[in-house]
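Notes for the one structure printed next.
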Amino acid sequence: MGQTISEKIISNHVGKKVYAGELVVSEVDGCMASDTTGPLTIKAFHEMGGKKVFNSDKCALIIDHAAPSPNERIANLHKMMRDFAKEQGMRLFEIGEGICHQVMVENSYVKPGDIFIGADSHTPTYGALNAFACGVGSTDLAATMMTGKIWLKVPQTIQINCSGKLQDGVTAKDLILFLVGKVTVSGATYQAIEFTGEAFEGLSLASRMTIANMSSEMGAKTGIVHPKGLELDYDFEAIAPDADANYIKTFDFDVSGLEPQVSAPESPDNVHNISNYEGTKINYAFIGTCCNGRLEDLDIAAEILKGRKIHPDVRMVIAPASQSVLLDAISNGTMSALIEAGASLITSGCGPCVGTHQGVPADGEVVISAANRNFRGRMGNPNSNIYLGAPSTVAASALEGQIVNPKKYLV
Amino acid sequence: MSDVQTNIKAKAHVYGDHIDTDRIIPGKYTKTLDMTTLANHVLEDLDPNFNKIVQQGDILVAGINFGCGSSREQAPLALKKSGVSVVIAKDFARIFFRNAINIGLPVLEIADHNIQKGAELNIDLKEGIVKDLTARVTYTATKLPDIMINILGEGGLVNYLTKYGDYSL
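Listed in order, the protein sequences are those of chains X and C.
For the first sequence, the working numbering gives the first residue as 622, with consecutive numbering after it.
For the second sequence, the working numbering gives the first residue as 4, with consecutive numbering after it.
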C-alpha cells in the first residue's frame, strides 16, 4: 500500500512500514524550545530526573518571544535558559539572533526527511524543507530532550492540490490565507497536510515556510510542501508521496485567479478577498514573525515603500526574522528604504505578535499585520482588532492609512 | 490512578467553540513559573468573571477545537491551578490535549454533548462516563490511547518518566 510523505518519514525512523492510525515511539533528529516554553521545559526536565540532554548538538534554546527582556521576571527566566544551555553544552540563540523557526532552518538543525519536535505551535514551518515537524508543549519537549524520542500517532493526511500559477502581486501569504479560510481553523486537527501542485512548485524556500507555517492555523500536526521545485544549498534526498498513497480528504483549487486575501478579526480563518475590506482605516502596520519576516517579505515591502512616506496616522514596526535577514536587508538597501519611509526597526524576534512588548495596540485601534494569528488579545490588548495580510498588503496599507490592494504598487 | 481523582461531582462552566490559548491565558502572562499568576489571569479575555466564580473541582465544558493556537502549556496549567478538575469538549486542539494529559489535567472528548451552564455533572474518569445530573443524560467520552491513560494514571508525564525512564506503548 502506498504511503504519504508523513508515513514515509515516520517509517524511515521506526524501521518498519507504518500507516495512519498506528502509535509509534520514534527517535527525533532535533528539538528546540523558546523563552515562552523553555523555562517550563527545563523545570520538567529536572523534575523527571533528566541529567544530560540526549544529544547536545540536536537540542537548542532560542530567546525570541520576549527579547530583549522587558522586565526583571523575564530577565531571570532568560538567565535560567542561558545557565541550562551552558551546563548542557547546547547552543542558545541569543536575543536578536532571530525567531526560533528561522534560526533552526538557517543553521541546519532540521533537514529534509527529519522528524523535528519544537515547543512552539509553528514548528510545522519546517514542512517547507520536506521534514515532519510537530509542535508540542514544554513537558513533552523535556521528555524529548531527555530520551531523544517522541510518541506519536501516525496522522492521516489531507492533500491540498493547487493548480495554476499565482498572479503577479499575489504571494504565498495570500495563498495560505485563502487555504486557511477554506479548510478552517479546525479542519485539519490531528492530521497532516500535504501541499501539492503547480502553485507551490515555483515557490522559494521562504515562501514555502510561509505556507507550512500556517498549517498550525488549520489545527494540523504537520504540514509538508511537496518537494518538487525545492532548492537548497546542499544535496538532499526528497521524500515524495506514493501515487497510491491514502488521503483522508483531497482539496482541489485553481488559484490562478486568486486576489490578495485578508483575514479579519478574530480568527485566522475569517478570510475574504481584500476587496471586502478595502478602505478599513488602520493605525498600526506590522511586518515580521515566523510567517513573514524573511528577506523576500521585507523586499516586497521596500519595493512598495521606497521613495514614499507612510501615512501620518499610521505607525509601522518591522521585526526581521533573523539577524541574517537583517544584514541582508541592510546590504541590499531594503532596510534604508523601509526606515526612510517611516518604519521603526525592532529586534529580530517574535515581537508584537505575542503581545508581550515592542508594540501593543491601544484600545479601539486597528492593526494590519503580516503575522499568522489575530485572536482577540493576541497582540496584548483585547480591545484592539487585528487584520492579517501579506507583507505587500501591510506595506501598501501603511502608505494609505487604510487597507488597500497592493497590486497597483507592484504590477 | 495516583494523583488524579477518578470520581468527580461538580458544576459545569460552559463556553463555546474555538477557545484559543490566548483566551485561556494571554501571552503577556505566560512568561512565569508562578502558577498562581497564571491562575489569576485564566480565561481573562473570554470571561473576566471566571477567576472569581470558579471553585476547586469545577468542570470546564466547551465546544469544538478547545485550546487551539499556541503550544503554551501555561494554558492547561492555569486552568488546573484555578481549580478546574477536568475539561470536557466536543473536541480539542492537539497540542492542548497532549499538554493537559502531560500535566495531569484530565480531558474528555464528547462529540455530541449538550451540557448547559451550571449543570451538575458526575464523572467516572476511569470509564469516561459523564452523567449530566441536571439534564439526566449520560455520555461516554472517546477512549484515550493506552499510553495517554498510563501517563494520566501516573498524574502526568513527569511522574510517568520518573517511574519508567522511557516510553512504552
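Note that beta-carbon positions come from the ideal geometry of N, C-alpha and C, so glycine has one too.
Taking 9 Å as the CB threshold, X/R703 stays off the interface with chain C. X/C652 sits in a strand when the DSSP states are folded into three classes. Residue environment for C/G19: exposed (fewer than 16 other C-beta atoms within 10 angstroms of its C-beta). Secondary structure at X/T805: coil, using DSSP grouped into helix, strand and coil.
Among the bridge pairs identified by DSSP, C/Y142 is matched with C/V133. Between the alpha carbons of X/N867 and C/A103 lies a distance of about 31 Å. With fewer than 16 neighbouring CB atoms inside 10 Å of its own CB, X/A864 falls in the exposed class. In this structure, the CA atom of X/E924 is about 22 Å from the CA atom of X/G900. At least one CB atom of chain X sits nearer than 9 Å to the CB of C/H21. Beta-bridge partners of X/H634 (DSSP): none assigned. Close to chain X, meaning a Cβ-Cβ distance shorter than 7 Å, are the following residues of the region 71–99 of chain C: C71, G72, S73, S74, R75, E76, D94, A96, R97, I98. For the set X/L824, X/G844, X/V1025, X/A962, the Cα lying nearest the Cα of X/A833 is the one of X/G844. Under the rule that a run must span 3 or more residues, the beta strand (DSSP E) segments found entirely inside the region 809–866 of chain X read 813–817, 843–846. For X/R703, there is no enclosing beta strand (DSSP E); the residue is found in the alpha helix (DSSP H) stretching over 693–709.
Remark: three or more beta-carbon pairs, one from each stretch, lie closer than 8 Å, so the region 670–686 of chain X and the region 966–973 of chain X are flagged as touching.
For X/V724, the enclosing alpha helix (DSSP H) begins and ends at 721–727. In terms of Cβ geometry, X/D856 and X/A1011 do not form a close pair [threshold 9 Å]. At a cut-off of 9 Å between C-beta atoms, C/D25 counts as an interface residue with respect to chain X. Listed along chain C are R97, each with a C-beta nearer than 7 Å to that of X/Y811. Residues of chain C whose Cβ lies closer than 7 Å to the Cβ of X/I695 are, in chain order, K34. Put simply, of X/V674, X/P1027, X/I951 the residue whose alpha carbon is nearest the alpha carbon of X/A922 is X/P1027. Taking C-alpha positions only, C/L80 is separated from X/A827 by approximately 35 Å.
Annotated three-state conformation of X/D875 is strand, per DSSP.
With 16 or more other Cβ atoms inside 10 Å of its own Cβ, C/D48 counts as buried. Interface criterion met: the Cβ of X/M669 is under 9 Å from a Cβ in chain C. Only residues of its own chain outside the window of five on either side were considered, and among them V935, V987, V988, I989, Y1008, S1018, A1019, G1022, Q1023, I1024 have a CB closer than 8 Å to the CB of X/I903, listed in chain order. A residue is called buried once 16 or more other Cβ atoms fall within 10 Å of its Cβ, and X/V757 is buried on that count. DSSP places X/D949 in the helix class (H, G or I) of the three-state scheme. Any Cβ of chain X closer than 9 Å to the Cβ of C/P109 would place that residue at the interface, and such an atom is absent.
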